[in-house]
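Before any comments, here is the structure.
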Amino acid sequence: MSEVTCALHAVLDVLRTAGLLTEVRGSEDVVVRGVSQDSRTTVKDDLFLAWKGTQDDAHDFVPSAIGRGASAVVVERSLQVDVPQLVVRDGRQAAALAADVVLGSPSARMAVVGVTGTNGKTTTSLLVRHLVAPEKRTAVIGTLGLTLQDGVRAANEDLTTPGPVQLTEWMRDLSAKSYETVVIEASSHAIEQHRLYGISFDVAVFTNLSQDHLDYHG
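Here the sequence shown stands for residues 157 to 374, where the numbers follow my numbering.
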């Protein structure tokens, strides 16, 4: 798979067009070679993506990410750090778009099917793969992890729908391996938390809606 190389100003342009960018601090003339949302796995020249979650605030880990080599950061508030910062109004949305730009918009090169609903997402996703796979190389991203032709790859996170970085990294890997179709289990939490904000969907499947989600989403 080819090495990632992306100019920071390309990310800036997309965030500005989306109406997310509120401030730019530092030089735009930086090249990033990857994305990270976890300071523990950040490597040299990564673009680190930070937002305030319900339990943790990733802004607290920005210095650690920079210490591991992050060359720029996307943040929801400006920080006293020595790397360029793209300050945005919604870090989750910005993270999904930034990951998509840096990793080359892989979902645009495949047919993407999203399956959502309270129950039946995994079964429906696997059925779609079963129907499509004889004609097109097809993978499933969801509860089981990444289901490929030759087995299943476990996710780094215990989530039905991965976070934006892992999701886009998997999509890039699938595109590089000539997969033509990917089916994504789209949990309501993932939709609400904008994990899928950078994905270009071609087909949407809705299974059902039960009291579980009515209670969560009101």
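Positions of the beta carbon are idealized from the N, C-alpha and C atoms, including for glycine.
Asked                                                                                                                                                           : Found
When you compare the stretch 223 to 236 with the stretch 195 to 211, are there three or more beta-carbon pairs, one atom per stretch, that lie closer than 8 Å? : yes
Sort Asp246, Ala255, Ala214 and Thr210 by Cα distance to Leu164 and report the nearest one.                                                                     : Ala255
Assign Lys277 to one of three DSSP states: helix, strand, or coil.                                                                                              : helix
Check for me: the alpha helix (DSSP H) holding Leu255 runs from which residue to which?                                                                         : The question names Leu, but residue 255 in the sequence shown is Ala. Counting along the chain, the alpha helix (DSSP H) containing Ala255 begins and ends at Gly247 to Val258.
Quick one: grab the DSSP three-state call for Glu348.                                                                                                           : helix
Which residue from Thr272, Phe217, Gly319 and Leu176 puts its Cα closest to that of Val339?                                                                     : Thr272
Have a look at Asp169, Leu300, Ser344 and Val284 and flag the residue whose alpha-carbon is nearest the alpha-carbon of Val359.                                 : Val284
Grab me the residues of Ser281's own chain with a C-beta within less than 7 Å of its C-beta, minus the 5 sequence neighbours each way, in chain order.          : Val271, Val296, Gly298, Val339 and Glu341
Can you say whether Gln305 is buried or exposed, counting buried as having 16 or more other CB atoms within 10 angstroms of its CB?                             : exposed
Tell me the residue span of the alpha helix (DSSP H) that contains Ile222.                                                                                      : Val218 to Gly223
Taking all protein chains shown into account, decide if Ala206 is buried (16 or more other Cβ within 10 angstroms of its Cβ) or exposed.                        : buried
Which runs of the alpha helix (DSSP H) fall wholly inside the stretch 179 to 245 and span at least 4 residues, in chain order?                                  : 218 to 223
Along the chain, where does the alpha helix (DSSP H) containing Val321 start, and where does it finish?                                                         : Pro320 to Ala332
Pick helix, strand or coil for Thr173, following the three-state DSSP scheme.                                                                                   : helix
Once the 5 residues before and after Asp246 are set aside, which same chain residues still bring their CB inside 8 Å of it?                                     : Leu176, Trp207, Glu232 and His350
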